[in-house]
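Asker: Mind looking over this structure? Questions follow.
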Amino acid sequence: MEGRGRGRAGQAEAAGGDARGRGGAFRVAETLRTIPPEVTDSTGGNVGLLKIVTNYFRIITPKDQLVHSYRVDFDPQVESVRVRRGLIYENREVFDRAYVFDGGNEIKSLCKLNNDPVTVSGTRKTDGASVTITIKYTSTVSWGHPEMLRLYNTQMRRNLEHLGFVQVGRDYYNPKLKKTMQDHRLDIWPGMLTAIAEHDGGIMMVCDNINKIIRHDTALDVLAQVFRGPGDKKERARKELSGSIVMTRYNNKTYRVDDIIFDKNPETYTFEGREGTISLATYYETQHKKTIKDKRQPLLLVQPTERQMRGGEQKEILLIPELCTMTGLSKTMIDDFQFKRALGDLTRLDPLQRAQNLTGFIRQVNANETVQTEMRGWGLQFGESLVEVNGLLLPGEKIHTFGESGENSGTPYQQKTGNFEREIRSKKMLRPVAIKFPWALIAQKIHKSLVDDFSDSMRRVCGPLGIEITAPKIFPLDGDRASDYSAACNAVPADANLVIIIVPNNNGDRYSAIKKHFCCEKPIPSQVITTRVLSNKKNLMSVATKILIQMSTKLGAEPWGIHIPPKGCMIVGYDTYHDSDRRGYSVGGFVSTSNATATSWFSRTSYHQNREELCANFAANLKAGIKNWIAKNKGSWPEKIIIYRDGVSEGQIPYVYNVEMKQMQKVLSERPELAKTHFCFIIVTKRVNARFFHNYGERQLQNPPPGTKIDSLITRKERYDFYLISQSVRQGTVNPTMYNIIADNSGWRAIHHQQLAYKLCHLYYNWAGTITVPAPCQYAHKLALLTGTALHREHSTELSNTLFFL
Numbered sequence: 162m163e164g165r166g167r168g169r170a171g172q173a174e175a176a177g178g179d180a181r182g183r184g185g186a187f188r189v190a191e192t193l194r195t196i197p198p199e200v201t202d203s204t205g206g207n208v209g210l211l212k213i214v215t216n217y218f219r220i221i222t223p224k225d226q227l228v229h230s231y232r233v234d235f236d237p238q239v240e241s242v243r244v245r246r247g248l249i250y251e252n253r254e255v256f257d258r259a260y261v262f263d264g265g266n267e268i269k270s271l272c273k274l275n276n277d278p279v280t281v282s283g284t285r286k287t288d289g290a291s292v293t294i295t296i297k298y299t300s301t302v303s304w305g306h307p308e309m310l311r312l313y314n315t316q317m318r319r320n321l322e323h324l325g326f327v328q329v330g331r332d333y334y335n336p337k338l339k340k341t342m343q344d345h346r347l348d349i350w351p352g353m354l355t356a357i358a359e360h361d362g363g364i365m366m367v368c369d370n371i372n373k374i375i376r377h378d379t380a381l382d383v384l385a386q387v388f389r390g391p392g393d394k395k396e397r398a399r400k401e402l403s404g405s406i407v408m409t410r411y412n413n414k415t416y417r418v419d420d421i422i423f424d425k426n427p428e429t430y431t432f433e434g435r436e437g438t439i440s441l442a443t444y445y446e447t448q449h450k451k452t453i454k455d456k457r458q459p460l461l462l463v464q465p466t467e468r469q470m471r472g473g474e475q476k477e478i479l480l481i482p483e484l485c486t487m488t489g490l491s492k493t494m495i496d497d498f499q500f501k502r503a504l505g506d507l508t509r510l511d512p513l514q515r516a517q518n519l520t521g522f523i524r525q526v527n528a529n530e531t532v533q534t535e536m537r538g539w540g541l542q543f544g545e546s547l548v549e550v551n552g553l554l555l556p557g558e559k560i561h562t563f564g565e566s567g568e569n570s571g572t573p574y575q576q577k578t579g580n581f582e583r584e585i586r587s588k589k590m591l592r593p594v595a596i597k598f599p600w601a602l603i604a605q606k607i608h609k610s611l612v613d614d615f616s617d618s619m620r621r622v623c624g625p626l627g628i629e630i631t632a633p634k635i636f637p638l639d640g641d642r643a644s645d646y647s648a649a650c651n652a653v654p655a656d657a658n659l660v661i662i663i664v665p666n667n668n669g670d671r672y673s674a675i676k677k678h679f680c681c682e683k684p685i686p687s688q689v690i691t692t693r694v695l696s697n698k699k700n701l702m703s704v705a706t707k708i709l710i711q712m713s714t715k716l717g718a719e720p721w722g723i724h725i726p727p728k729g730c731m732i733v734g735y736d737t738y739h740d741s742d743r744r745g746y747s748v749g750g751f752v753s754t755s756n757a758t759a760t761s762w763f764s765r766t767s768y769h770q771n772r773e774e775l776c777a778n779f780a781a782n783l784k785a786g787i788k789n790w791i792a793k794n795k796g797s798w799p800e801k802i803i804i805y806r807d808g809v810s811e812g813q814i815p816y817v818y819n820v821e822m823k824q825m826q827k828v829l830s831e832r833p834e835l836a837k838t839h840f841c842f843i844i845v846t847k848r849v850n851a852r853f854f855h856n857y858g859e860r861q862l863q864n865p866p867p868g869t870k871i872d873s874l875i876t877r878k879e880r881y882d883f884y885l886i887s888q889s890v891r892q893g894t895v896n897p898t899m900y901n902i903i904a905d906n907s908g909w910r911a912i913h914h915q916q917l918a919y920k921l922c923h924l925y926y927n928w929a930g931t932i933t934v935p936a937p938c939q940y941a942h943k944l945a946l947l948t949g950t951a952l953h954r955e956h957s958t959e960l961s962n963t964l965f966f967l
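For the sequence shown, the numbering used here assigns the number 162 to the initial residue and increments by one for each residue that follows.
What follows is the structure, given as structure tokens:
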């Protein structure tokens with residue numbers, strides 16, 4: 162049971178475990194076409210052809226049948242989806258057994274009822290009450306209508322249920338095939354993600370293997386462990402559970418915990434039920450046969466998600482910790498390298514294994530008699546083989562170091578490795594800096610030998626990199642108390658160029674305090690290093706090189722570069738992150754280039770509580786970025802502004818397109834100097850369902866090489882989009898990144914956008930190789946992450962012209 166909505170008076174209503182918002186699963190908004198009007202061809206050129214196997218299956222649909230829609234109402238109201246489905250199933254003969262029910266208030270069927278409305282009855286199994294069901298005709302649509310996509314997806318969910326999958330949250334898993342890690346008290350439920358949509362190549366279904374981590378402990382177990390510890394128990398409990406995903410086993414629904422209500426418990430919290438006022442404890446006893454053992458436990462608060470609010474659901478939900486199973490990984494598990502390796506061994510699939518699993522799954526679908534009976538009733542059929550598409554390999558890049566520029570200079574690297582660490586190891590930085598006194602190093606006295614070895618390694622590697630370094634002022638600590646570090650940080654002179662702090666472990670509170678001090682209160686670039694990183698003497702030279710590059714970058718160095726053809730092009734990255742301490746606030750991270758080679762960056766952060774504030778902050782930051790560009794480019798205004806917007810879910814695209822993007826265009830229109838500036842707005846999405854396998858021989862599948870792009874067949878008809886694989890992985894299946902261009906008056910062809918995106922994936926200075934997204938996206942993410950998890954406020958503007966957040 163969930164108590165839905167405390168309302169203005171703090172009271173909650175009761176709702177069945179499967180209650181859903183109004184509108185039903187079949188309601189579909191008009192497809193939003195985001196292809197810029199200037200674009201006439203959304204595909205790139207033929208650079209290097211690759212044969213790519215995808216994780217899509219074709220769907221054969223009828224072309225001449227009509228589908229009838231009906232509204233169904235229950236009297237008395239039935240909130241549980243399962244009970245509603247049961248009542249409709251009792252009366253399936255009304256539709257000659259051929260129907261799809263969305264679980265809400267809508268039915269679709271090939272059967273046209275003779276009478277309108279039709280009234281039938283059924284028995285509610287939970288209490289034996291008689292329910293009157295009124296079925297009223299609403300509309301008729303053809304199979305080519307976009308609304309039919311909802312029907313296809315609903316039918317696919319029924320198919321999964323027929324195959325023994327159970328719904329957990331929005332996805333389906335097979336608990337019968339679970340794997341148990343007994344030492345860590347968790348189960349791994351394998352599942353199958355499916356989604357049907359219309360693509361450039363027709364209507365297709367994407368499938369992918371997924372896993373759900375179901376822990377053996379409940380939210381109450383977590384609370385009990387917290388309460389046994391020291392400190393402010395309520396605050397520690399909130400910190401431990403807020404943001405966690407829990408599953409209610411009585412209906413397999415998942416929720417994200419937003420807060421804990423300590424002044425209510427299952428007995429004192431009441432609401433109005435069918436029989437009058439009832440407590441949560443009593444409700445579970447009568448409705449779910451669940452006896453609450455701990456009557457004094459607090460309640461978990463769940464706010465409606467943005468998706469639920471778009472569907473009309475505005476009420477809060479209250480959950481009982483005892484009935485909430487923890488999902489996902491705990492903080493301890495995340496920090497346990499051995500555990501994560503064992504988990505990866507159980508869940509990781511290489512391209513061939515994944516493709517075999519998917520083809521085996523579709524054979525299972527096509528062989529199931531119940532599934533096929535229903536599919537034939539609708540005239541639907543799945544293809545038996547994975548869809549193949551042409552992929553194109555973009556040319557590899559040459560890495561520029563000191564004194565190198567232009568298209569023909571630089572050092573090539575092995576593109577398939579996605580790594581150029583070896584190529585730059587002994588070369589001078591593109592633009593080195595000097596680390597001169599005064600700079601500071603804070604460490605415990607007991608770590609003196611580690612500090613000496615690290616300092617010696619830095620001196621040995623700085624020469625080849627072109628970095629001048631002097632001895633630091635050392636602040637030795639007697640212990641690792643917070644007060645020791647605080648005193649040392651306060652003692653560092655304000656004119657110090659850099660501060661290195663060596664700490665014994667990854668204590669979050671200590672890290673946050675250090676970063677607040679040097680990012681907000683006394684703005685000095687800082688580097689926090691754990692002793693574990695410095696303890697491996699075998700790799701100390703390599704570690705020193707990476708840290709030295711990172712430190713130098715924070716001081717304004719440019720470690721390497723590549724050839725960026727468009728001149729006068731200002732590139733922007735933007736991402737958001739929910740602040741872990743400031744409830745209800747999110748931070749937006751904004752970065753923009755200060756030069757045409759995309760090796761120097763400007764940054765800003767700003768907090769927002771809603772979309773409107775985000776949009777206003779984004780626009781203000783864009784103005785600041787343009788002002789910075791002008792200052793750093795001798796008064797020249799940018800000729801092009803390209804925005805890479807990360808952190809946008811599928812449901813947020815209409816707002817970004819209709820409001821956010823147009824607000825950015827307004828910024829340009831306000832200045833006559835920007836009248837001729839070209840503008841591009843690109844949504845970058847990392848969490849996509851598509852997977853690609855390079856077919857290089859009979860039954861030979863491997864990950865496509867970095868630089869592979871796909872821009873046809875499985876792309877969306879209404880979008881100017883493409884997929885890019887820019888990174889290399891040694892294990893498992895590589896994840897592509899999707900780019901959705903929603904504004905573009907640059908005059909560029911698709912191949913130019915694809916090449917620029919790939920080029921920018923080389924310029925993230927924490928990794929000498931290519932990464933999943935363009936550097937501006939990763940920089941914006943790192944900035945928002947640091948702010949939202951450690952600073953909890955905006956950084957000092959004195960640091961805005963360096964990558965201090967790396």
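Beta carbons are placed, not taken as given, at the ideal position from N, Cα and C, and that holds for glycine.
Remember, it's a predicted structure, so these values are computed and weren't measured experimentally.
1) What is the C-beta distance between Q542 and L324, in whole angstroms, given that I count them as a contact (C-beta under 8 angstroms)?
2) For E549, which residues from the same chain have a beta carbon less than 6 angstroms from its beta carbon, with the 5 sequence-adjacent residues on both sides left out?
3) Suppose the cutoff is 7 angstroms on Cβ atoms and the five residues either side in sequence are ignored; what does the same chain contact list for K606 look like?
4) May I ask you to verify whether the stretch 937–949 touches the stretch 600–614, counting CB pairs closer than 8 angstroms and requiring at least 3?
5) Rounded to the nearest angstrom, how far is the Cβ of A674 from that of I725, given a contact under 8 angstroms?
6) Would a C-beta distance cut-off of 7 angstroms place E955 and T692 closer than the cut-off?
7) Give me the residue from I481, I375, R389 with the minimum Cα distance to F423.
8) What residues are listed by DSSP as bridge partners for G930?
9) Taking the beta carbon of G505 as the centre, do at least 16 other beta carbons fall within 10 Å, making it buried, or is it exposed?
10) If you drop the 5 nearest sequence neighbours on each side, which residues of the same chain put their C-beta closer than 8 angstroms to that of S889?
11) Compute the beta-carbon to beta-carbon distance between T488 and T415, rounded to the nearest angstrom, for a pair I have assumed lies under 8 angstroms.
12) Keeping to the same chain, check which residues put their C-beta closer than 7 angstroms to that of E741; ignore five residues upstream and five downstream.
13) Could you tell me whether the Cβ atoms of A759 and L964 are closer together than 7 angstroms?
14) So, for Y805: in the same chain, excluding its five sequence neighbours on each side, which residues have a beta-carbon less than 6 angstroms away from its beta-carbon?
15) Does the Cβ of D670 have 16 or more other Cβ atoms within 10 Å, making it buried, or fewer, making it exposed?
16) Inspect the CB distances between the stretch 226–242 and the stretch 291–300 and report whether three or more fall short of 8 angstroms.
17) Quick check: Y231 and Y298, are their CB atoms within less than 7 angstroms of each other?
18) From the DSSP output, in three-state form, read off E535 for me.
19) Taking the straight line between their C-alpha atoms, what separation do you get for Q172 and D419?
20) Quick one: what's V363 bridged to in DSSP?
21) Output yes or no for whether 7 angstroms exceeds the beta carbon distance between T301 and L381.
22) In angstroms, rounded to a whole number, what distance separates the CA positions of F763 and N789?
23) Look up S713 in the DSSP assignment and give the residues it is bridged to.
24) Can you have a look at T534 and say buried or exposed, based on whether 16 or more other CB atoms are within 10 angstroms of its CB?
25) What's the C-alpha gap between Y857 and K212?
26) If we ignore side chains and look at the alpha-carbon of each, how far apart do M366 and Q824 end up?
27) With DSSP as the reference, label N789 as helix, strand or coil.
28) For L461, which of helix, strand or coil comes out of DSSP?
29) For R877, write down the residues that DSSP places opposite it in a beta bridge.
30) Distance, Cα to Cα, Y217 vs R509?
31) Rounded to whole angstroms, what's the CA-CA distance from K683 to Q861? Just pull it up for me.
32) Would you say S761 and S753 are within 7 angstroms of each other, going by their C-beta atoms?
33) Using three-state DSSP, classify L554 as helix, strand or coil.
34) Spatial neighbours of T714 within its chain, please: CB distance less than 7 angstroms, with the 5 preceding and 5 following residues excluded, ordered by chain position.
35) Measuring straight from C-alpha to C-alpha, what distance separates P131 and A941?
36) Measuring straight from C-alpha to C-alpha, what distance separates Q448 and G247?
Answerer: Quick look at the numbers:
1) Stepping through the sequence shown from its first residue, residue 542 is reached at position 381. Stepping through the sequence shown from its first residue, residue 324 is reached at position 163. In fact, because the Cβ distance is near 17 angstroms, the residues do not count as touching under 8 angstroms.
2) Locating residue 549 in the sequence shown gives position 388, where the first residue counts as 1. These residues qualify, in order along the chain: V214.
3) The residue given as residue 606 occupies position 445 in the sequence shown. Taking C-beta separations shorter than 7 angstroms and ignoring five residues to either side along the sequence, the partners of K606 in its chain run P637, L638, D639, following chain order.
4) Under the three-pair Cβ rule at 8 angstroms, the stretch 937–949 does not count as touching the stretch 600–614.
5) By 1-based counting over the sequence shown, the position of residue 674 is 513. By 1-based counting over the sequence shown, the position of residue 725 is 564. Rounded, the Cβ-Cβ distance is 39 angstroms, inconsistent with contact.
6) For the purposes of this step, residue 955 is taken as the residue at position 794 of the sequence shown. For the purposes of this step, residue 692 is taken as the residue at position 531 of the sequence shown. No, Cβ-Cβ distance for E955 and T692 is not below 7 angstroms.
7) Position 262 of the sequence shown holds residue 423. Among I481, I375, R389, the Cα nearest to that of F423 belongs to I481.
8) As a working note, residue 930 is residue 769 in the sequence shown. Residue pairing from DSSP places G930 in a beta bridge opposite N580.
9) Along the sequence shown, one-based indexing puts residue 505 at 344. That one is exposed.
10) Against the sequence shown, residue 889 aligns to sequence position 728. Counting only residues of its own chain and dropping the five nearest sequence neighbours on each side, S889 has a CB closer than 8 angstroms to the CB of K577, T578, G579, N580, N864, P866, P867, V895, G930, T931.
11) Looking up residue 488 in the sequence shown gives position 327. Looking up residue 415 in the sequence shown gives position 254. The beta-carbon separation of T488 and T415, rounded to 7 angstroms, stays under the 8 angstroms limit for a contact.
12) Taking the first residue of the sequence shown as 1, we reach residue 741 at position 580. The identity of residue 741 in the sequence shown is Ser, whereas the question assumes Glu. Closer than 7 angstroms at the Cβ level, and outside the excluded window around S741, lie G949, T950.
13) Translated into positions along the sequence shown, residue 759 becomes position 598. Translated into positions along the sequence shown, residue 964 becomes position 803. At a Cβ-Cβ threshold of 7 angstroms, A759 and L964 do not count as neighbours.
14) Taking the first residue of the sequence shown as position 1, residue 805 is located at position 644. Here the set comprises G734, I843, V845, P935, P937, C938.
15) Looking up residue 670 in the sequence shown gives position 509. Counting Cβ neighbours within 10 Å, D670 comes out exposed, since fewer than 16 surround it.
16) Between the stretch 226–242 and the stretch 291–300 there are three or more inter-stretch CB-CB distances shorter than 8 angstroms, so the stretches are counted as touching.
17) Here residue 231 corresponds to residue number 70 of the sequence shown, with the count starting at 1. Here residue 298 corresponds to residue number 137 of the sequence shown, with the count starting at 1. Cβ distance < 7 angstroms, so Y231 and Y298 count as in contact.
18) For the purposes of this step, residue 535 is taken as residue 374 along the sequence shown, with counting starting at 1. In this structure, E535 counts as helix in the three-state DSSP scheme.
19) For the purposes of this step, residue 172 is taken as the residue at position 11 of the sequence shown. For the purposes of this step, residue 419 is taken as the residue at position 258 of the sequence shown. Unreliable placement is indicated for Q172, whose pLDDT of 37 sits below 50; the coordinate value is still reported in the next sentence. The alpha-carbon atoms of Q172 and D419 are separated by roughly 18 angstroms.
20) Translated into the one-based positions of the sequence shown, residue 363 becomes position 202. The residue you asked about is not Val; residue 363 is Gly in the sequence shown. Note: G363 sits in a beta bridge opposite H360.
21) Indexing the sequence shown from 1 puts residue 301 at position 140. Indexing the sequence shown from 1 puts residue 381 at position 220. No, Cβ-Cβ distance for T301 and L381 is not below 7 angstroms.
22) Within the sequence shown, residue 763 is the residue found at index 602, counting from 1. Within the sequence shown, residue 789 is the residue found at index 628, counting from 1. In a straight line, the C-alpha of F763 is about 7 angstroms away from that of N789.
23) The residue you call residue 713 lines up with position 552 of the sequence shown. In the DSSP assignment, S713 is bridged to no other residue.
24) Along the sequence shown, read from residue 1 onward, the residue named residue 534 stands at position 373. Under this definition T534 is an exposed residue.
25) Mapped onto the sequence shown, residue 857 falls at position 696. Mapped onto the sequence shown, residue 212 falls at position 51. Whole-angstrom Cα-Cα distance: 7 angstroms.
26) Position 205 of the sequence shown, counting from 1, holds the residue named residue 366. Position 663 of the sequence shown, counting from 1, holds the residue named residue 824. Cα atoms of M366 and Q824: separation of roughly 35 angstroms, rounded to the nearest angstrom.
27) By one-based count along the sequence shown, residue 789 stands at place 628. The answer is helix: DSSP assigns N789 an H, G or I state.
28) Sequence index remark: in the sequence shown, residue 461 carries index 300 (1-based). Assignment of L461 by DSSP, reduced to helix, strand and coil, places it in the strand class.
29) For the purposes of this step, residue 877 is identified with residue 716 of the sequence shown, where counting begins at 1. DSSP, once it has assigned bridges, lists H360 as partnering R877.
30) In the sequence shown, the residue the question calls residue 217 occupies position 56. In the sequence shown, the residue the question calls residue 509 occupies position 348. If you take the alpha carbons of Y217 and R509, they lie about 20 angstroms apart.
31) Working through the sequence shown from its first residue, we reach residue 683 at position 522. Working through the sequence shown from its first residue, we reach residue 861 at position 700. Counting only the Cα atoms, Q861 lies some 57 angstroms from K683.
32) Here residue 761 refers to the residue found at position 600 when the sequence shown is read from its first residue. Here residue 753 refers to the residue found at position 592 when the sequence shown is read from its first residue. Taking the C-beta atoms as reference points, S753 is found no nearer than 7 angstroms to S761.
33) Residue mapping note: residue 554 aligns to position 393 of the sequence shown, counting from 1. In the structure shown, L554 sits in a strand (DSSP, three-state: E or B).
34) Numbered from 1 along the sequence shown, position 553 holds the residue referred to as residue 714. So the qualifying residues of the chain are P720, Y926, L964, L967.
35) No answer is possible for residue 131: the residues shown for the chain start at 162 and end at 967.
36) For the purposes of this step, residue 448 is identified with residue 287 of the sequence shown, where counting begins at 1. For the purposes of this step, residue 247 is identified with residue 86 of the sequence shown, where counting begins at 1. Counting only the Cα atoms, G247 lies some 17 angstroms from Q448.
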